[in-house]
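Asker:
Numbering (our numbering), first residue to last: 104 to 291.
So this is what it looks like as structure tokens:
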């Protein structure tokens with residue numbers, strides 16, 4: 104009987120120790136990169152990317168600071184003219200849970216309007232655009248590099264400052280716009 108109980112107790116002891124060991128540790132990586140896969144299609148002709156630096160690795164809520172860009176090559180707008188802008192982004196992403204997140208960002212760059220439909224003039228302006236987005240992160244698996252989608256259906260963007268304001272048909276000033284985003288990301 105002793106020969107039977109001794110291996111059984113050893114097996115039970117080994118299984119109970121393994122059950123107490125955590126199986127999935129929170130991510131410890133510091134860097135992620137994202138590109139917006141919605142904006143080139145809708146509203147179109149707008150490209151966005153960012154690199155995120157995780158401020159709290161090893162936690163299930165890895166809030167991050169990021170640097171990025173928004174680029175809109177020249178396009179004709181009926182109520183403005185030939186418009187283009189290039190801006191650098193700085194932002195912060197806060198995670199309320201491991202998936203629900205909030206982004207606050209500011210973009211600094213140049214806006215150019217050629218052949219205004221209102222007065223025919225050209226305008227070149229230093230612009231500051233602020234924005235906020237509420238999102239939900241969907242992990243897609245992966246071992247070393249971990250892909251994910253960050254759905255941000257609720258957002259707002261607003262041009263807070265223009266060094267040279269340009270006229271817009273039917274508007275006396277810039278208005279906040281609703282914006283959603285779908286970011287594809289890789290965590291390294």
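Note that the Cβ used here is the ideal one computed from N, Cα and C, for glycine as well.
Since this is a predicted model, take the numbers as computed values, not measurements.
Starting from residue 284, trace the beta strand (DSSP E) in both directions and tell me its first and last residue.
Answerer: Within the chain shown, numbered from 1, the residue matching residue 284 stands at position 181. Start and end: 284 to 290.
Asker: Assuming residue 142 is part of the beta strand (DSSP E), what are its boundary residues?
Answerer: Here the question's residue 142 lines up with position 39 in the chain shown. Taken as a continuous stretch (DSSP letters only), residue 142 belongs to no beta strand (DSSP E), as it is neither H nor E.
Asker: Name the DSSP beta bridge partners of residue 250, please?
Answerer: Numbered from its first residue, the chain shown carries residue 250 at position 147. DSSP output for residue 250 lists 289 as bridge partner(s).
Asker: State the start and end residues of the unbroken beta strand (DSSP E) segment that holds residue 199.
Answerer: Start at 1 with the first residue of the chain shown, and residue 199 comes out as number 96. Neither: residue 199 is in no beta strand (DSSP E) and is coded neither H nor E.
Asker: With a CB to CB cut of under 7 angstroms and the five nearest residues on each side skipped, what residues in its chain are close to residue 267?
Answerer: Here the question's residue 267 lines up with position 164 in the chain shown. Within the same chain, residue 267 has close Cβ partners 226, 227 and 228.
Asker: Please classify residue 181: does DSSP put it in a helix, a strand, or coil?
Answerer: Position 78 of the chain shown, counting from 1, holds the residue named residue 181. If DSSP states are grouped into helix, strand and coil, residue 181 belongs with coil.
Asker: Leaving out the 5 sequence neighbours to the left and right, which residues in its chain are closer than 8 angstroms to residue 140 when beta-carbon positions are compared?
Answerer: In the chain shown, residue 140 corresponds to position 37, counting from 1. If we look at residue 140 and ignore the five residues flanking it on each side, its Cβ neighbours are 285, 286 and 287.
Asker: Would you call residue 274 buried or exposed, if buried means 16 or more other Cβ atoms sit within 10 Å of its Cβ?
Answerer: Translated into the one-based positions of the chain shown, residue 274 becomes position 171. Exposed.
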